[in-house]
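Numbering (the working numbering), first residue to last: 856 to 985.
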Amino acid sequence: MIARCARMLLPASSSGGDTTAIQRARFLATSNNTRAGILLPTLQRVQIEQYDPDGLKEPESKGVFELPQGVMVADDAPRQIDFDGRGVVTPMPLESPTIRLNGPNGYFVYVIVSPTGQVTVSETKLDNKR
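Laid out in structure tokens, this is it:
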């Protein structure tokens with residue numbers, strides 16, 4: 856279940872199809888030559904937002920997804936990942952933003968976003984510290 860959720864990372868319910876929240880945010884940024892991103896306001900909620908290029912308006916919500924029961928974003932995950940009009944993570948990070956998704960029974964996966972916007976999902980692993 857955790858791997859399925861991560862590979863879909865994170866489904867954008869308002870966009871339909873099988874696009875992911877990260878792909879949707881990147882597409883919004885590049886198609887309108889603006890800024891867009893994902894926001895993780897809680898450990899189980901993902902929002903897609905598009906930003907006003909002039910910074911005069913509030914961010915516009917482009918989709919919200921609640922993670923399934925038992926799946927949570929790790930406490931130390933970045934709370935926001937933004938893309939510019941080229942689809943590049945902005946501001947440019949020193950390291951690729953990494954989101955750890957914790958699943959039931961101690962299993963987890965990493966979702967890694969490269970600075971160029973490519974998304975990689977690790978193999979499912981068992982946290983032996985539990």
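Idealized CB from N, CA, C, for every residue including glycine.
None of the values given here were measured: they were computed from a predicted structure.
Residue i - partner residues in DSSP beta bridges
i, result
"Val901", "Phe920"
"Leu894", "Gln902 and Gln935"
Beta-carbon spacing of residue i, residue j below 8 Å
i, j, result
"Val968", "Val944", "yes"
"Ala891", "Phe938", "yes"
"Gly918", "Arg881", "no"
"Glu915", "Gln905", "yes"
"Thr885", "Pro908", "no"
With 16 other Cβ atoms within 10 Å as the buried cut-off, status of residue i
i, result
"Asn983", "exposed"
"Leu949", "exposed"
"Arg934", "exposed"
"Met927", "buried"
"Arg955", "buried"
"Gly958", "buried"
Cut-off 7 Å between Cβ atoms - residues of its own chain near residue i, not counting five sequence neighbours on either side
i, result
"Thr971", "Val943"
"Ala932", "Leu895, Ile954 and Arg955"
"Pro952", "Pro933, Ile936, Val944 and Val968"
Own chain residues within Cβ distance below 8 Å of residue i, not counting five before or after
i, result
"Lys980", "Tyr962, Phe963 and Val964"
"Met1007", "Because the chain here runs from 856 to 985, residue 1007 falls outside it and cannot be looked at."
Close beta carbons around residue i, own chain, < 6 Å, minus the five adjacent residues each side
i, result
"Thr975", "Ile967"
"Leu898", "Met927 and Val928"
Residue i - containing alpha helix (DSSP H), residue span
i, result
"Arg881", "Ala876 to Ser886"
Residue span of the beta strand (DSSP E) that contains residue i, given as start and end
i, result
"Leu956", "Thr953 to Asn957"
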